[in-house]
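Numbering (the numbering used here), first residue to last: 5 to 459.
Some notes on the structure that comes next.
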């Protein structure tokens, strides 16, 4: 059986276009202590735990060659880490006592950082180099009866910032109150954008769903937004928002179709996306679905409890999942195009909570494009397998085989190859039957394929 695995290569490059990013960051916590860990972006994904101490309630973003940790309620600051100095903490900039910042995004030139503050009902504009407060943008016009609008995450698209406005009842278990919105800010003038000029007052984008409490991300030219609604009710879904039209396009999949409360979601293509879904028993699963139809739902990763919290797509089309399963904590890696598990669990110290991909939050943050292809056949195989790499241009190629623990067992190519299709045969000797991982690295990016050897 021929298994064609296409390379989803990098528009998420951290340093240079089409180059693989140097690391994957992980916010880890046991809800008492927080640590930041890193692992290599390529097989065998070797991890270095605890490179920095952070707050126990934090999220991370990467921008401009640095990592920014948003330390939330109780710490209330923006912590700046420098990968070039072994992730040393350069600064900890206060956002104000008990303001509870929720996320961070940056202006196109990187001169301004924007931090939604949940307990201040505003967005703080900060100089990310000095920590100086440059401005605050008031969002209290969207407050509900408890006096707060409960802001959430934010995302920059061009020169506009989109800020989630949850509107939750703090006096009734933080349940949704009325509509939820995305407020839009012009980062050139740091003023609100009116999304419905024909309606009196400054209007935000009204969402189809309620409680957009998860990370905002990109879906091509659109914004992907998980609206969980009321927990325990199938009243939400994954929603698409058009940042150019300043309008919601509605759900691309509903909670009814997913079979539970929606959590973090990741867009891969027009026919493939992923969501973390929690059932009525509090068990999380990662499910794939077709965002063009709202169907095609299937389980990629079953859970044993509330163990999955975040996932991110890397430059090579690999999905990194934060798995908090007690006794088996770590990152899991999947081939995003197929949902196949790759390699082994990657321990990162404390249980992972938030995955940080370099280039997240920058103008380059768009789903990866199709650039090259890796074919393997037959698969499963015995006694040999053919691997074919199609190179769009002449250049270096490294083709290696790894076992299930990430240990290299064979090198099939290493050096400059001409453009076009190149075929290699792997005939393993002295190796046990089981799962192996083929990894092709080119100047355009990297591709992986799961191999099964039978004896």
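All C-beta atoms, glycine included, are put in the ideal place defined by N, C-alpha and C.
Residue of the options minimising C-alpha distance to residue i
i: residue 171; options: 101, 303, 298, 183; result: 183
i: residue 452; options: 431, 209, 405; result: 405
i: residue 409; options: 427, 350, 37, 384; result: 350
i: residue 382; options: 454, 395, 267, 358; result: 454
i: residue 226; options: 76, 244, 432; result: 244
i: residue 79; options: 112, 53, 86, 37; result: 37
i: residue 348; options: 357, 361, 334; result: 334
i: residue 115; options: 199, 134, 401; result: 134
i: residue 117; options: 81, 425, 93, 150; result: 81
i: residue 177; options: 204, 236, 125, 146; result: 236
i: residue 345; options: 322, 86, 252; result: 322
i: residue 256; options: 248, 298, 247; result: 298
i: residue 386; options: 358, 398, 355, 433; result: 433
i: residue 438; options: 407, 447, 337; result: 407
i: residue 57; options: 140, 127, 425, 83; result: 83
i: residue 104; options: 62, 93, 139, 358; result: 62
i: residue 48; options: 411, 195, 218; result: 411
i: residue 76; options: 423, 102, 201; result: 102
i: residue 141; options: 211, 88, 195; result: 195
i: residue 380; options: 150, 180, 429, 98; result: 429
i: residue 180; options: 197, 150, 202, 206; result: 150
i: residue 261; options: 272, 300, 271; result: 300
i: residue 248; options: 425, 197, 446, 424; result: 197
i: residue 74; options: 51, 31, 88, 324; result: 31
i: residue 218; options: 146, 267, 98, 173; result: 267
Through-space distance from residue j to residue i, alpha-carbon basis
i: residue 441; j: residue 168; result: 40 Å
i: residue 112; j: residue 192; result: 9 Å
i: residue 418; j: residue 292; result: 35 Å
i: residue 223; j: residue 277; result: 9 Å
i: residue 458; j: residue 431; result: 12 Å
i: residue 353; j: residue 53; result: 5 Å
i: residue 148; j: residue 281; result: 28 Å
i: residue 303; j: residue 265; result: 14 Å
i: residue 362; j: residue 389; result: 34 Å
i: residue 311; j: residue 275; result: 26 Å
i: residue 295; j: residue 263; result: 15 Å
i: residue 309; j: residue 283; result: 10 Å
i: residue 396; j: residue 337; result: 26 Å
i: residue 340; j: residue 317; result: 8 Å
i: residue 427; j: residue 29; result: 35 Å
i: residue 204; j: residue 285; result: 44 Å
i: residue 424; j: residue 272; result: 26 Å
i: residue 126; j: residue 357; result: 25 Å
i: residue 50; j: residue 138; result: 40 Å
i: residue 401; j: residue 88; result: 27 Å
Beta-carbon contacts of residue i that lie in its chain and below 6 Å, excluding the five residues immediately before and after
i: residue 187; result: 143, 167, 169, 208
i: residue 305; result: 290
i: residue 444; result: 378, 393, 403, 451
i: residue 307; result: 287, 288, 289
i: residue 269; result: 228, 230, 242, 279
i: residue 384; result: 456, 458
i: residue 2; result: Coverage of the chain is limited to positions 5 through 459, which leaves residue 2 absent and any answer about it impossible.
Anticipated Cβ contact below 8 Å, residue i with residue j, distance rounded
i: residue 461; j: residue 213; result: Residue 461 cannot be examined here, being either before or after the span of the chain that is shown, 5 to 459.
i: residue 154; j: residue 122; result: 6 Å
i: residue 342; j: residue 328; result: Contact doesn't hold; Cβ gap of about 24 Å is too wide.
i: residue 157; j: residue 220; result: 5 Å
i: residue 216; j: residue 199; result: That pair is no contact at about 15 Å.
i: residue 64; j: residue 360; result: 4 Å
i: residue 413; j: residue 435; result: 6 Å
i: residue 211; j: residue 185; result: 6 Å
Close beta carbons around residue i, own chain, < 7 Å, minus the five adjacent residues each side
i: residue 60; result: 33, 35, 36, 37, 38
i: residue 55; result: 40, 41, 42, 90, 91
i: residue 239; result: 233, 259
i: residue 422; result: 398
i: residue 246; result: 226, 253
i: residue 324; result: 28, 315, 316, 318, 335, 337, 359
CB contact below 8 Å: residue i versus chain B
i: residue 151; result: No chain B is part of this structure, which consists of one protein chain only.
Neighbourhood of residue i by C-beta, 8 Å cutoff - its chain only, sequence neighbours within 5 removed
i: residue 110; result: 67, 68, 116, 117, 118, 132, 160, 365, 366
i: residue 332; result: 349
i: residue 136; result: 130
i: residue 163; result: 111, 112, 190, 191, 192
i: residue 45; result: 24, 25, 26, 27, 28, 318, 319, 320
i: residue 94; result: 70, 84, 85, 86
i: residue 475; result: Residue 475 lies beyond the range of the chain shown here (5 to 459); nothing can be said about it.
i: residue 391; result: 378, 379, 380, 403, 416, 427, 428, 429, 430, 442, 444, 453
My parser needs the beta strand (DSSP E) runs of 3 or more residues fully inside the stretch 66-98; what are they? Uninterrupted beta strand (DSSP E) stretches at least 3 residues long and entirely within the stretch 66-98 occur at 70-75, 81-86, 92-98, given in chain order.
Fully enclosed by the stretch 152-190, which alpha helix (DSSP H) runs are 4 residues long or longer? Runs of the alpha helix (DSSP H) lying entirely within the stretch 152-190, each at least 4 residues long, are absent.
Which ranges does the beta strand (DSSP E) cover as unbroken runs of at least 3 residues, wholly within the stretch 216-258, from first to last along the chain? Counting only runs of 3 or more, we get 221-223, 226-231, 241-246, 251-258.
Inside the stretch 258-307 only - alpha helix (DSSP H) runs reaching at least 4 residues: As far as the stretch 258-307 is concerned, its whole alpha helix (DSSP H) runs of at least 4 residues are 259-262.
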